[in-house]
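*Asks:*
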């Protein structure tokens with residue numbers, strides 16, 4: 297029986313097939329979002345001599361970014377950019393995004409400013425120009441003193457008026473206060489939605505916690521969609537258009553207006569039913585204002601669930 301040939305690479309003894317195995321396992325870990333395992337496997341693979349160094353480094357860079365290991369990722373991407381390794385703009389994109397997460401806004405602005413002056417491909421220019429503008433805004437905001445927007449005695453209507461009067465650049469000094477409002481379950485959901493909209497417009501790029509109703513999640517405001525650009529609203533309105541748009545245009549307009557109010561109140565969360573179910577529930581909800589509740593006794597459980605939550609939203613909307 298022949299012994300397998302071993303290749304010695306520095307202090308590493310490489311058995312035939314080891315590198316390929318590490319790369320396959322690393323790819324699987326990356327696809328399954330086991331980023332810690334992916335980092336370990338790709339780091340081990342890079343200890344061997346191979347003509348796939350650039351591909352391995354790019355995969356490792358993605359794993360660093362996805363696992364929020366930004367310090368290690370920035371160090372790797374900086375080295376790759378200097379050495380000309382990998383696809384330049386893909387490496388640069390991850391490098392810039394990690395610098396933004398580390399609040400290195402000045403470095404981002406300086407780096408992209410030079411590149412934009414030198415000229416970028418048309419398919420890349422808009423993206424990097426947007427990131428530079430974001431970094432410039434964040435850099436200015438970083439050096440702005442904190443300010444207080446609301447007083448303890450302010451009513452919900454007072455808060456709405458103040459938020460409505462703020463333009464996004466003028467809201468920058470109040471960023472921390474607006475972020476805190478999103479996590480405060482005692483705050484009115486309508487005010488929270490207005491606050492999130494301002495944070496999105498001013499370019500807030502950090503993770504913030506949003507709590508309202510029984511929902512909770514982390515979002516990056518600048519990456520959130522506007523309420524009426526979200527797929528849930530588009531699918532709901534499309535279903536209404538198909539079912540009652542031509543047959544009953546008045547009811548259609550009433551249902552659309554109701555859903556807009558409801559989804560703005562819930563933003564950035566979506567109802568826990570399908571868009572078509574929510575649309576049908578909205579129609580029944582409006583019709584129930586004009587007929588006996590007993591007519592709704594044999595409805596689908598999912599529609600019943602939606603109607604129950606709509607009643608809760610009604611109470612909040614009637615401020």
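Residue numbers (this note's numbering): 297 to 615. For every residue, glycine included, the Cβ atom is placed at its ideal position computed from N, Cα and C. Computed from a prediction, not measured in an experiment: that's the story for all the values here.
Could you check where the alpha helix (DSSP H) with residue 314 kicks off and where it finishes?
*Replies:* 314-327 is the extent of the alpha helix (DSSP H) around residue 314.
*Asks:* In the DSSP assignment, what residue or residues form a beta bridge with residue 511?
*Replies:* Answer by DSSP bridge pairing, in chain order: 508.
*Asks:* How would you label residue 491, buried or exposed, when you count the other beta carbons within 10 angstroms and need 16 or more for buried?
*Replies:* Counting Cβ neighbours within 10 Å, residue 491 comes out buried, since at least 16 surround it.
*Asks:* Return the first residue and the last residue of the alpha helix (DSSP H) that residue 338 is part of.
*Replies:* First-last of the alpha helix (DSSP H) with residue 338: 331-341.
*Asks:* Give every residue of the same chain whose Cβ lies closer than 7 Å to the Cβ of residue 322, excluding the five residues on either side of it in the sequence, and list them in chain order.
*Replies:* Closer than 7 Å at Cβ, skipping near neighbours: 334, 337, 338, 341 and 355.
*Asks:* According to DSSP, simplified to helix, strand and coil, what is residue 399?
*Replies:* Here residue 399 sits in coil by DSSP.
*Asks:* Please report how far the alpha carbon of residue 520 lies from the alpha carbon of residue 496, in whole angstroms.
*Replies:* Taking the straight line joining both Cα atoms gives about 7 Å.
*Asks:* With H, G and I counted as helix, E and B as strand and the rest as coil, what does DSSP make of residue 308?
*Replies:* Model confidence at residue 308 stands at a pLDDT of 49, short of 50, so the residue's coordinates are unreliable; what they give is reported in the following sentence. Strand.
*Asks:* With DSSP as the reference, label residue 410 as helix, strand or coil.
*Replies:* In the structure shown, residue 410 sits in a helix (DSSP, three-state: H, G or I).
*Asks:* How would you call residue 390, buried or exposed, if buried means at least 16 neighbouring beta carbons within 10 angstroms?
*Replies:* It is buried - the Cβ of residue 390 has at least 16 other Cβ atoms within 10 Å.
*Asks:* Can you tell me whether DSSP reads residue 522 as helix, strand or coil?
*Replies:* In the structure shown, residue 522 sits in coil (DSSP, three-state: anything other than H, G, I, E or B).
*Asks:* Inspect the beta-carbon positions of residue 619 and residue 431 and report whether they are closer than 7 Å.
*Replies:* What is shown of the chain runs 297 to 615, which leaves residue 619 out entirely.
*Asks:* Grab the span of the alpha helix (DSSP H) containing residue 612 for me, first residue to last.
*Replies:* Residues 597-613.
*Asks:* Using beta-carbon positions only, say whether residue 405 and residue 435 come within less than 7 Å of one another.
*Replies:* Yes, these two residues count as a Cβ contact at 7 Å.
*Asks:* Pull up the distance between the alpha-carbon of residue 268 and that of residue 426, whole angstroms please.
*Replies:* No statement about residue 268 is possible, as the shown extent of the chain runs from 297 to 615 and does not include it.
*Asks:* Can you tell me where the alpha helix (DSSP H) with residue 496 in it begins and where it stops?
*Replies:* First-last of the alpha helix (DSSP H) with residue 496: 485-498.
*Asks:* Taking 7 Å as the threshold (C-beta atoms), are residue 372 and residue 357 in contact?
*Replies:* Going by C-beta atoms, residue 357 is nearer than 7 Å to residue 372.
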